[in-house]
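Peer 1: Please see the structure below; I have some questions.
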Amino acid sequence: MEKWKFQGNQGLKSSAVSVRGVFNVLMQSISKEKEVVHLCRVDPTDNPLFSADPVAAHAVSTAAHSGNFNGYPPTFGLPQARRAIAEYLSRDLPNKLSAEDVYVTVGATQAIEIILPSVFATPGANILLPRPGFPQYETRAALCGLEVRHFDLLPNSSWEVDIDSLEALADDKTMAMVLISPSNPCGNVFTYQHLKRVAETARKLGIFVISDEVYAHIAFGSNPFVPMGVFSSIVPVITLGSISKRWILPGWRFGWIATCDPHGIFQKTGIAANIERNMEITSDPPTFMQAAIPEILERTNDEFYSKNLDITREAANALYERFKEIPSLICPHKPDGAMAVMVQINLSQIEGIADDVDFCVKLAKEESLLILPGVIVGLKNWLRVSFGLERSAIEEGLSRLKAFCLRHAKMSQQISA
Ligand SMILES: *Cc1c(COP(=O)(O)O)cnc(C)c1O
Numbered sequence: 001m002e003k004w005k006f007q008g009n010q011g012l013k014s015s016a017v018s019v020r021g022v023f024n025v026l027m028q029s030i031s032k033e034k035e036v037v038h039l040c041r042v043d044p045t046d047n048p049l050f051s052a053d054p055v056a057a058h059a060v061s062t063a064a065h066s067g068n069f070n071g072y073p074p075t076f077g078l079p080q081a082r083r084a085i086a087e088y089l090s091r092d093l094p095n096k097l098s099a100e101d102v103y104v105t106v107g108a109t110q111a112i113e114i115i116l117p118s119v120f121a122t123p124g125a126n127i128l129l130p131r132p133g134f135p136q137y138e139t140r141a142a143l144c145g146l147e148v149r150h151f152d153l154l155p156n157s158s159w160e161v162d163i164d165s166l167e168a169l170a171d172d173k174t175m176a177m178v179l180i181s182p183s184n185p186c187g188n189v190f191t192y193q194h195l196k197r198v199a200e201t202a203r204k205l206g207i208f209v210i211s212d213e214v215y216a217h218i219a220f221g222s223n224p225f226v227p228m229g230v231f232s233s234i235v236p237v238i239t240l241g242s243i244s245k246r247w248i249l250p251g252w253r254f255g256w257i258a259t260c261d262p263h264g265i266f267q268k269t270g271i272a273a274n275i276e277r278n279m280e281i282t283s284d285p286p287t288f289m290q291a292a293i294p295e296i297l298e299r300t301n302d303e304f305y306s307k308n309l310d311i312t313r314e315a316a317n318a319l320y321e322r323f324k325e326i327p328s329l330i331c332p333h334k335p336d337g338a339m340a341v342m343v344q345i346n347l348s349q350i351e352g353i354a355d356d357v358d359f360c361v362k363l364a365k366e367e368s369l370l371i372l373p374g375v376i377v378g379l380k381n382w383l384r385v386s387f388g389l390e391r392s393a394i395e396e397g398l399s400r401l402k403a404f405c406l407r408h409a410k411m412s413q414q415i416s417a
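So the sequence shown is residues 1 to 417, counted in UniProt numbering.
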């Protein structure tokens, strides 16, 4: 034993909290008696009502058959892919992007992997992350030695950023903040006014904004989707996107980084150079996939988007209505975007359950129902429930959840109920 000089990375061991990791643990707890219902991960291909637009397969097959895209792609992406993404994003932006503002990535996951080390400027640098949030940011920050500080999202104010807590966290080592809208895990969509306030706060703090817009346009309530890049003249913004959610193509592993920065601050501060150095040492999306992107972005039918939005809205509403029937669960905000929502467990009404992880493990065991413990996204004793699913799965899942909560309800509650 003592002969060996190597050992596992302790940082990875302690920080690698991931949705997939927990998913695998919960899967092991499943009882074999009932068919499994998944309300745990967000993979829109789990919903048989969603199917990719045939435009996408056509585009990829044309690119592959052409034989022109078998070589290594350029480091930052094929020019036509970068241009198409810039044009697509610019439709919603006052300051238009050019192809040079866009870098293609292996999904938004790789975009996170590339951005976070680029933020690390000086020893002790820190980044501000939302709580609840998306665990990839914490894990990746830990791996590149970036200190993480959390600002709160307020459940009773439509999950808006607690601006005071944001301001209180920042110091001279703070480089950037992350914002996710439409939000996974909260299911809200920030308003124009709120995003503007966040942009002004970030400017005051001298930090830039990393805007995770993987759920861009998946907004089905009263707040329309507003890209953070709209405020790029106030604060420089790095937008992350991908085709995983809106186009129902998570397995195609294609995403992007876009720098929305009309004043060229990323150039001046060296952030752009850092991104480019990182891109030189990481892998790229397959070349034929890049070649297919212009057609996918330009030719996907509007009916495809609107039909999927209707399905998502219906699923979210059904879920929200069913939560009201379960007294020990509290859903503070009716979801109006993305594909997941946060629900609080009122532990005082429940017996024999220690916390959210215990809740989810027992739920898997007793009901073959998979839900993500809130602690994974930063909120202990909450649950994250995904609704990118067909109605029957939601109805079945919520029936089981209700049965579970009633079975574990405190005696006094059962009598009064
Ligand atoms: C799904 C998701 C990602 C990762 O997207 P990929 O393109 O599939 O890698 C990033 N951020 C959020 C908030 C997500 O929900």
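A virtual CB, placed ideally from N, CA and C, is assigned to each residue, including glycine.
Here the structure is a predicted model, which means the values were calculated and not measured.
Assign residue 417 to buried or exposed, taking buried as 16 or more other Cβ atoms, counted over all protein chains shown, within 10 Å of its Cβ.
Peer 2: Low confidence applies here, because residue 417 scores a pLDDT of 48, under 50, leaving its location unreliable; read the following figure in that light. By the 10 Å Cβ count, residue 417 comes out exposed.
Peer 1: Quick one, which of 90, 369 and 82 has its alpha-carbon nearest residue 103's?
Peer 2: 82
Peer 1: Fully enclosed by the region 239-283, which beta strand (DSSP E) runs are 3 residues long or longer?
Peer 2: 255-260
Peer 1: Please classify residue 308 as buried or exposed, where buried requires at least 16 other C-beta atoms within 10 Å of its C-beta.
Peer 2: buried
Peer 1: With a 10 Å radius around its C-beta and 16 neighbouring C-beta atoms as the bar for buried, classify residue 328 as buried or exposed.
Peer 2: buried
Peer 1: Does the beta-carbon distance from residue 404 to residue 316 come in below 9 Å?
Peer 2: It is not a contact, given that the beta carbons lie outside the stated cut-off.
Peer 1: State buried or exposed for residue 28, treating a residue as buried only when at least 16 other CB atoms are found within 10 Å of its CB.
Peer 2: exposed
Peer 1: Would the region 373-389 count as touching the region 37-52 if we require 3 or more Cβ pairs under 8 Å?
Peer 2: Short answer: they touch.
Peer 1: Taking the C-alpha atoms as reference points, what is the distance between residue 292 and residue 286?
Peer 2: C-alpha separation (whole angstroms): 10 Å.
Peer 1: Quick one: grab the DSSP three-state call for residue 15.
Peer 2: Low local confidence applies: a pLDDT of 49 at residue 15 is under 50, so the model's placement there is unreliable, and no value is given.
Peer 1: Could you give the DSSP three-state label for residue 156: helix, strand or coil?
Peer 2: helix
Peer 1: How is residue 304 classed by DSSP in three states: helix, strand or coil?
Peer 2: Secondary structure of residue 304 (DSSP, three-state): helix.
Peer 1: What does the alpha-carbon distance come out to for the pair residue 240 and residue 31?
Peer 2: 38 Å
Peer 1: Could you say if the region 292-307 and the region 145-165 meet the contact criterion of at least three C-beta pairs nearer than 8 Å?
Peer 2: no
Peer 1: Hey, residue 190 and residue 237: beta-carbon distance below 9 Å or not?
Peer 2: Cβ atoms of residue 190 and residue 237: not closer than 9 Å.
Peer 1: If you run the structure through DSSP and keep just helix, strand and coil, what is residue 289?
Peer 2: helix
Peer 1: Looking at the structure shown, is residue 126 part of a helix, part of a strand, or coil, going by DSSP?
Peer 2: strand
Peer 1: Can the beta-carbon of residue 110 be found less than 9 Å from the beta-carbon of residue 255?
Peer 2: yes
Peer 1: If we call anything under 9 Å between Cβ atoms a contact, is residue 224 one with residue 374?
Peer 2: no
Peer 1: Anyone know if the C-beta pair for residue 140 and residue 169 falls short of 9 Å?
Peer 2: Against a cut-off of 9 Å, the Cβ pair of residue 169 and residue 140 comes out as no contact.
Peer 1: Would residue 400 be called buried (16 or more neighbouring beta carbons within 10 Å of its own) or exposed?
Peer 2: Residue 400 should be labelled buried.
Peer 1: Going along the chain, which unbroken runs of the beta strand (DSSP E) with 3 or more residues stay wholly within the region 338-380?
Peer 2: Taking only runs of at least 3 residues, the beta strand (DSSP E) segments lying wholly in the region 338-380 are 340-345 and 369-373.
Peer 1: So, is residue 354 buried or exposed, given that buried needs 16 or more other C-beta atoms within 10 angstroms?
Peer 2: Exposed: under 16 other Cβ atoms inside 10 Å.
Peer 1: How would you call residue 382, buried or exposed, if buried means at least 16 neighbouring beta carbons within 10 angstroms?
Peer 2: Buried, since its Cβ has 16 or more Cβ neighbours within 10 Å.
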